Amino acid sequence: MSAIVSKVCILVAAILLLTACFFAGRGFNSPFPRSSEIKPFEDSSMSDAGALSLGIRRLAADLWFVRLMQYYGKHEGEDENPYLEAFDSFYFNKHEHLHGNYGGGKYPEIYSRVIHILSLDPYFTYAALYGAGALAFNLERGDEAVRLIDQAKVYRPKEWKYNAYLAAIGYQKAKDPGKVADMLAPVLRDPDCPTMIKQMAAFLNKKIGRYSEAAKIYRDIIATSNDKFYLENSQRELKKILPLIKSS
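Structure, rendered in structure tokens:
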């Protein structure tokens, strides 16, 4: 039996080698960055190499995104939970957490973590938007957010949400919350818009007196998010602004 298995393994390896040679001869270009272009993060080299050899770099990017959620979803100084039960929560939209000050803090690794994810899967738009949103609108690191989006646009230059973020970041720097809210409004209608961005947009609209728009966003969060923090915060804020809408 072992001899048969060995022969099968040799045959499969030969087929894979011939396939690789075939595509190489035809000038086949992978849609992903080459392995030499992957930006390692901490001890990622071994796991990245394993993901590349198995052809599961999208899954590897997902797993690193979960670790990003864990990193930014905890108070600074807390350890990440490395176990993969978080992977399940990622797909059920239960992973996004902000603190009472809307994610304030330093979190110095966010940029490098997202760049690592994008080097594994540059088409992971959600990761780029989440990272850029956290950097620009929560942590006031707009320059890093712009650099991150510029990196993301290399593989998706026509992604309109990236351009909307860039415009919003520009108005954020100019201290114009109304224009920031205007630029993000189309992004909020996208099914993949991070809940973090929705909440920030609702907060901005409330701040500048657009109570009806803020209420609309809070209702959307209540209808679409399973995250306890977002649900409770949106319900609480909605109760506060409904009387303001009636009196206006």
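Under our numbering, the letters of the sequence shown match residues 1090 to 1337, in that order.
Where is the CB? At the ideal position from N, CA and C, for every residue including glycine.
Given the structure is predicted, the values throughout are model-derived calculations rather than measurements.
Closest by CA to residue i, which one among the options?
i: Asp1279; options: Asp1309, Ser1336, Lys1268 and Gln1261; result: Asp1309
i: Lys1296; options: Pro1275, Lys1195, Glu1321 and Lys1268; result: Lys1268
i: Pro1246; options: Ala1223, Ala1221 and Thr1214; result: Thr1214
i: Arg1299; options: Ile1311, Met1285 and Ser1336; result: Ser1336
i: Lys1242; options: Leu1273, Gly1231, Tyr1196 and Leu1218; result: Leu1218
i: Ala1150; options: Tyr1307, Leu1209 and Glu1198; result: Leu1209
i: Lys1262; options: Ala1234, Lys1163 and Cys1282; result: Ala1234
i: Lys1250; options: Ile1334, Asp1281, Ala1225 and Phe1318; result: Asp1281
i: Thr1313; options: Leu1327, Pro1283 and Lys1264; result: Pro1283
i: Phe1226; options: Glu1248, Arg1236, Pro1266 and Glu1198; result: Pro1266
Going by beta carbon distance, what residues of the same chain come within less than 6 Å of residue i, once the five residues before and after it are set aside?
i: Phe1154; result: Ile1206 and Ala1216
i: Ser1125; result: With a pLDDT of only 47 at Ser1125, under the threshold of 50, the placement of this residue in the model should not be trusted; the figure read from the coordinates follows. Once the five neighbours on either side are set aside, Ser1125 has no close Cβ partner at all.
To the nearest whole angstrom, what separates the beta carbons of residue i and residue j, a pair I think is in contact under 8 Å?
i: Leu1228; j: Tyr1196; result: 6 Å
i: Ile1258; j: Gly1231; result: 5 Å
i: Ile1286; j: Gly1222; result: 5 Å
Would residue i pass as a contact of residue j if the rule is Cβ separation under 8 Å?
i: Ala1253; j: Val1276; result: yes
i: Ile1306; j: Asn1322; result: no
i: Tyr1244; j: Tyr1212; result: yes
Give every residue of the same chain whose Cβ lies closer than 8 Å to the Cβ of residue i, excluding the five residues on either side of it in the sequence, and list them in chain order.
i: Arg1202; result: Phe1130, Trp1153, Arg1156, Leu1157, Tyr1160 and Gly1220
i: Ala1348; result: There is simply no residue 1348 to check, as the chain begins at 1090 and stops at 1337 in what is shown.
i: Ile1334; result: Tyr1300, Ser1301 and Ala1304
i: Glu1248; result: Thr1214, Ala1241 and Lys1242
i: Leu1327; result: Ala1304, Tyr1307, Arg1308 and Ile1311
i: Leu1320; result: Ile1310, Ile1311 and Ser1314
Using C-beta distances below 7 Å, list every residue in its chain close to residue i, excluding the 5 sequence neighbours before and after it, in chain order.
i: Asp1177; result: Because the pLDDT of Asp1177 is 34, which lies under 50, any placement of that residue in the model is unreliable, and the number read from its coordinates should be weighed accordingly. For Asp1177, where only same-chain residues beyond five positions count, there are no Cβ hits under 7 Å.
i: Ala1303; result: Ala1291, Asn1294, Lys1295 and Ile1330
i: Gln1240; result: Ile1204 and Leu1207
i: Met1272; result: Ala1253, Ala1256, Ala1257 and Tyr1260
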